[in-house]
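Colleague: Protein chains in written order, with the numbering used here: chain A, 10 to 352; chain B, 10 to 352.
Just so you know, even glycine gets a beta-carbon here, dropped at the ideal spot from N, CA and C.
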DNA sequence: GTAAAAACTTTACACGCGTAAAATTTCCAG
DNA sequence: CTGGAAATTTTACGCGTGTAAAGTTTTTAC
């Protein structure tokens, strides 16, 4: 292979004994040419290892073979994992994924969308920052590029939304916590970064009421994406000033719970489902690290794989149909209770 | 803004009252045109929000304004963090970062390099998989594209290598552990994913000998990137079969330590620097989550920021000089001891 | 074996911008 | 005011591929 350098498709076509338009057709869809032709091209391809110039290719294509993935915060392993799954599926579908992280900053998100627009992607999978997102910008973007939202919803934007069924998952864990011990208090940030937090609080209030318990929300100051830090700092404060001495605490997400567990440990307060433990702590999401907290974290697993899969499927359906779907579908996947040692 | 749609630079140039070649010059370097001209262009830019077609731009530029970033495993927050820092610097330098993760798979790494080559980037910052990397492929890539290696070295490849001074950092923590308690054993995977692991073991052996202690390496089965899982599973096994009951353990990296801490907790073995604790555990890297383990993890902080900064600087120096540097420089940054509760 | 369909070849133009060369205008110093 | 330098305009071509149209060959179906 690599017998000599190929400059362009013209030259490659000559060497493979096929006309350039046919070779061009092959690269846009290998199945669109005769089997024997395809074989000849691929034989030449093996000998000369030529690849079409991406930039020249995309200059004339209205829709690129690129699919954008935008996540709010890549340093959160949750998003890293989901991005990994999505990347794989996009590749398998014959497209090229390109990954962006807003790093928690709305200005970055805007910039990314701007960049992405000029990349003319076939579609975009967007997990927006949520409350912090610039709605007008996202809306305008969705009008130009087929976009599927996932994880975090922005009302009425994009072709569809795929996420977790917070009502179901919170009900699941609240009911579990109630029947296995004291009813939980709800631990969250006062100004939640993510709209899911609001849905979860609402679900908590509803379920507690339905079960005949008095709900109690603990809203701690803090914003941004350093959830563990906030959970730790504020948790420690609450333990130290005696606000929390016992009972059950359901955290809005696992990363807060990880911080809170660390605070409880630091404060010498045993956490766990054993009778000897005054405190129980539970989370939500089944974060990759939730298995390795001390004690291991009881939580509700979000259905990563299904969310990723359905998001990709939905986007490709939209891309292939060519036209925007009549209705904006919202798909929510059920959570699964993960009983571990912490509650 | 956005008074009407602009098709191309020709049209935009007409609307701004400037000739197309000058506008083109402006986009390649805003400072290369007269100040008054620049002002007029930017005024028009504000009114019509035109952006040049990326693909048409890059088709004729031999070197793109793109800089590739390749990390071995993005679900590891360590790499997510360093990628974030690097992205920021690349943007500040007026280039466009594009991020790839090999997801731990050599085949992905090869594919990424292939994709990257056809993107004609100005340069690439590559943290290779290490032992698992296909040396021939990386070598060929480095010959085509200015590449700076970081984090994980591959002998003699790329323009430079920037990483951590494992000799120094391991000496730092081994000395600390020895003077504050029992000499450490070294906990690592039998077939380490990362070449740093080998350097760290060698450093451990050397320092222990220098201090007059008998070194002891604990090599546990396991490969891949699920470090916490391996640390947990194998740690638990060693605790349960009585192989480890007390002493000090230095883990090859923080993620193994996180797993090992969880195993110790599960097994009911108290960990910490207090006299009441039979076991001490330390790590290496100062992983973002190391502050939130129970107990919090004593470790050596890698100088993230400096590694990122120097890598970017080195690459841009290479890009601007145009020619390959005469010598391949290796820059190692010193680690900083982070004393926490676990050792 | 024949006709129709499918695939291919040839030819030609388009895309949007980089960039070179020559002509013109603008700028600045003296 | 003037000369020369600097910046801009005009003109023109090139980059590598998409793609349309018309003509030719190959394949498929009966």
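When you compare the CB of residue 301 of chain A with every CB in chain B, is at least one pair closer than 8 Å?
Modeller: Yes, residue 301 of chain A lies at the interface with chain B (some Cβ there is under 8 Å from its Cβ).
Colleague: When the cut-off is 8 Å and only beta carbons count, does residue 93 of chain B lie next to chain A?
Modeller: True, the Cβ-Cβ gap to chain A drops below 8 Å.
Colleague: Output the residue ranges of the alpha helix (DSSP H) runs that lie fully inside the region 66-137 of chain A and measure 4 residues or longer, sorted by chain position.
Modeller: Qualifying alpha helix (DSSP H) stretches, in chain order: 86-101, 115-127.
Colleague: For the region 288-308 of chain B and the region 183-197 of chain B, state whether three or more C-beta atom pairs, one from each stretch, are separated by less than 8 Å.
Modeller: Judged by Cβ distances under 8 Å, the region 288-308 of chain B makes contact with the region 183-197 of chain B, as three or more pairs qualify.
Colleague: Does the separation of the CB atoms of residue 198 of chain A and residue 231 of chain A fall below 8 Å?
Modeller: Result yes, Cβ atoms of residue 198 of chain A and residue 231 of chain A sit closer than 8 Å.
Colleague: Looking only at its chain, what residues have a beta carbon closer than 8 Å to the beta carbon of residue 206 of chain A, apart from the 5 residues adjacent to it on each side?
Modeller: Closer than 8 Å at the Cβ level, and outside the excluded window around residue 206 of chain A, lie 197, 198, 261, 262.
Colleague: Using beta-carbon positions only, say whether residue 155 of chain A and residue 316 of chain A come within less than 8 Å of one another.
Modeller: Taking 8 Å as the Cβ cut-off, residue 155 of chain A and residue 316 of chain A do not qualify as a contacting pair.
Colleague: Within this structure, are the beta carbons of residue 304 of chain A and residue 281 of chain A separated by less than 8 Å?
Modeller: It is a contact, given that the beta carbons lie within the stated cut-off.
Colleague: Does residue 108 of chain A come within less than 8 Å of chain B when only Cβ atoms are used?
Modeller: Yes, residue 108 of chain A counts as interfacial toward chain B.
Colleague: Just the chain A side, please: which residues come within less than 9 Å of residue 37 of chain B by C-beta, in chain order?
Modeller: Per Cβ cutoff of 9 Å: no residues; residue 37 of chain B is ~16 Å from chain A at best.
Colleague: May I ask you to list the residues that DSSP assigns as paired with residue 193 of chain B?
Modeller: DSSP output for residue 193 of chain B lists B/257 as bridge partner(s).
Colleague: Alpha carbon to alpha carbon, how far is residue 90 of chain B from residue 28 of chain A?
Modeller: Approximately 49 Å, taken between the alpha carbons.
Colleague: List, in chain order, every chain B residue whose beta-carbon is nearer than 9 Å to that of residue 297 of chain A.
Modeller: Those within 9 Å of residue 297 of chain A in chain B are 84, 237.
Colleague: What three-state label does DSSP hand residue 286 of chain B in the structure shown?
Modeller: In this structure, residue 286 of chain B counts as coil in the three-state DSSP scheme.
Colleague: If residue 345 of chain B sits next to residue 314 of chain B, beta carbons under 8 Å apart, how far is it from one beta carbon to the other, in whole angstroms?
Modeller: Their Cβ separation, rounded to whole angstroms, is 11 Å, which puts residue 345 of chain B and residue 314 of chain B out of contact at 8 Å.
Colleague: Run through DSSP, which three-state label would residue 342 of chain A get?
Modeller: In this structure, residue 342 of chain A counts as strand in the three-state DSSP scheme.
Colleague: Beta-carbon of residue 274 of chain A versus every beta-carbon of chain B: anything under 8 Å?
Modeller: So yes, residue 274 of chain A belongs to the interface.
Colleague: Residues of chain A with a CB under 7 Å from the CB of residue 241 of chain B: which are they?
Modeller: Within 7 Å Cβ-Cβ: 301.
Colleague: Is the beta carbon of residue 265 of chain A less than 8 Å from the beta carbon of residue 182 of chain A?
Modeller: No, the pair does not count as a contact, with Cβ atoms beyond the cut-off.
Colleague: At least one CB of chain A closer than 8 Å to the CB of residue 33 of chain B: is that the case?
Modeller: By this cut-off, residue 33 of chain B is not an interface position.
Colleague: Give me the DSSP bridge partner(s) of residue 227 of chain A.
Modeller: Partner(s): A/196.
Colleague: What are the residues that DSSP puts in a beta bridge with residue 28 of chain B?
Modeller: Looking at the DSSP assignment, residue 28 of chain B forms no beta bridge with any residue, so it has no partner.
Colleague: Decide if the region 211-218 of chain A is in contact with the region 232-247 of chain A; the criterion is three or more beta carbon pairs, one per stretch, under 8 Å apart.
Modeller: No, the region 211-218 of chain A does not touch the region 232-247 of chain A.
Colleague: Within the chosen definition, does the region 141-153 of chain A reach the region 115-129 of chain A through at least 3 CB pairs nearer than 8 Å?
Modeller: Cβ pair count under 8 Å is three or more, so yes.
Colleague: So, for residue 238 of chain B: in the same chain, excluding its five sequence neighbours on each side, which residues have a beta-carbon less than 7 Å away from its beta-carbon?
Modeller: Answer for residue 238 of chain B: 268, listed in chain order.
Colleague: Report the rounded CA-to-CA distance for residue 132 of chain B versus residue 100 of chain B, giving the unit in angstroms.
Modeller: Spanning the two alpha carbons is a distance of roughly 14 Å.
Colleague: Listing by chain order, which chain B residues have their CB less than 7 Å from the CB of residue 67 of chain A?
Modeller: Here the neighbours are 64.
Colleague: Using the Cβ count rule (16 or more neighbours within 10 Å means buried), how would you classify residue 359 of chain A?
Modeller: With chain A covering only 10 through 352, there is no way to say anything about residue 359 of chain A.
Colleague: Quick one: which chain A residues come within Cβ less than 7 Å of residue 112 of chain B?
Modeller: 93, listed in chain order.
Colleague: Is residue 166 of chain B helix, strand or coil when you go by DSSP?
Modeller: The answer is coil: DSSP assigns residue 166 of chain B none of H, G, I, E or B.
Colleague: Along the alpha helix (DSSP H) that carries residue 42 of chain B, what are the first and last residues, could you check?
Modeller: Counting along the chain, residue 42 of chain B falls outside any alpha helix (DSSP H), and DSSP gives it neither H nor E.
Colleague: So, is residue 73 of chain B buried or exposed, given that buried needs 16 or more other C-beta atoms within 10 angstroms?
Modeller: Buried is the call here.
Colleague: Name the residue from A/158, A/84, A/203, A/57 whose alpha carbon lies nearest to the alpha carbon of residue 321 of chain A.
Modeller: The shortest Cα separation from residue 321 of chain A among A/158, A/84, A/203, A/57 belongs to A/158.
Colleague: Candidates A/235, A/167, A/253: which alpha carbon is nearest residue 195 of chain A's?
Modeller: For residue 195 of chain A, the nearest C-alpha among the options comes from A/253.
Colleague: Please determine, among A/174, A/348, A/331, the residue with the shortest C-alpha to C-alpha distance to residue 341 of chain A.
Modeller: Of A/174, A/348, A/331, the residue nearest in Cα terms is A/174.
Colleague: What is the DSSP secondary structure of residue 48 of chain B, counted as helix, strand or coil?
Modeller: Residue state, collapsed to three classes: helix.
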